[in-house]
Amino acid sequence: MPEGPEIRIAADKIAKIIEGKVIEDIEVGLPRLLEPSQKLKGIKV
């Protein structure tokens with residue numbers, strides 16, 4: 001299980017890629033999350 005520093009490093013790498021971009025599409029694995037997740041479309045990260 002990753003600890004704090006490893007999680008921070010991974011989050012920083014992800015942020016460099018997605019920061020400032022607009023969410024165009026969302027895929028979720030649980031059907032109950034499909035409707036709520038659609039509210040995130042069009043939001044800038």
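First residue of the sequence shown: 1, per full-length UniProt numbering; consecutive thereafter. Here a beta-carbon is modelled for each residue, glycine too, at the ideal position from N, C-alpha and C.
On the three-state DSSP scale, how would you describe residue i?
i	result
K13	helix
K39	helix
Among the options, which residue has its Cα nearest to the Cα of residue i?
i	options	result
L40	V28, I23 and L30	I23
V45	E35, I14 and R8	I14
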